[in-house]
Amino acid sequence: MTTVTAGIVAGLVATVVMTGVMKAVGDGGPPPTANLLAKFAGGDPSEHAMPGMALHLVYGVGAGAVLAVGAPLVGIGFGSAAVAVGLGLAYGVALMVGGMVFWIRLVLSVEPDRAMMKAFASAHVAYGIVLGGFLATGVLA
Numbered sequence: 151m152t153t154v155t156a157g158i159v160a161g162l163v164a165t166v167v168m169t170g171v172m173k174a175v176g177d178g179g180p181p182p183t184a185n186l187l188a189k190f191a192g193g194d195p196s197e198h199a200m201p202g203m204a205l206h207l208v209y210g211v212g213a214g215a216v217l218a219v220g221a222p223l224v225g226i227g228f229g230s231a232a233v234a235v236g237l238g239l240a241y242g243v244a245l246m247v248g249g250m251v252f253w254i255r256l257v258l259s260v261e262p263d264r265a266m267m268k269a270f271a272s273a274h275v276a277y278g279i280v281l282g283g284f285l286a287t288g289v290l291a
């Protein structure tokens, strides 16, 4: 059985890796969460870059905890590395689609261009693979 603690740590590690991928393949601008903060708090997204990163870290940690606890509740374990990484990958893609459709398009009213979608997809795929891989190790389980 995987613990909430394992999910939190896995989410933290995966979000750090994801952020590195976003920095490598993105446009160098603030994260989409900075746009979200700017929309509701006012100002330019660049003014909310660090709080946006912190908010994104909270999302990633929370999502890691949800997967760690939720998957076993529906009968999916993390004992096999292949299953865990595959599950993490599918989860990362699901988060990407949800983020792209709900947060980016509906909440922020932004139509993402090809480069943004590529960066968003690459980062979420990396997040999912690292998340599943970490949970497969059984560390903190």
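First residue of the sequence shown: 151, per my numbering; consecutive thereafter. Quick reminder that beta carbons are idealized off the backbone N, C-alpha and C, glycines included.
Query	Result
Cβ shell of leucine 258 (< 8 Å), same chain only, five flanking positions each side left out	Pro182, Asn185, Leu186, Lys189
Touching by the beta-carbon criterion (3+ pairs, under 8 Å), the segment 237-254 and the segment 152-159	no
Which of helix, strand or coil DSSP assigns to isoleucine 226	coil
Three-way DSSP call (helix, strand, coil) for glutamate 197 in this model	helix
Helix, strand or coil at alanine 213 [DSSP, three-state]	helix
Nearest candidate by alpha-carbon position, reference glycine 282, set Gly179, Ser230, Gly192	Ser230
Residues near leucine 245 in its chain [Cβ-Cβ closer than 8 Å; skip 5 each side]	Ala213, His274, Tyr277, Gly278
CB contact flag (alanine 160, leucine 205, <9 Å)	no
Contacting residues, own chain, Cβ-Cβ under 6 Å from phenylalanine 284 (five flanking each side not counted)	Ala160, Val163
Alpha-carbon spacing of alanine 234 relative to serine 272, whole angstroms	19 Å
N-terminal and C-terminal residue of the alpha helix (DSSP H) that alanine 240 is part of	231-248
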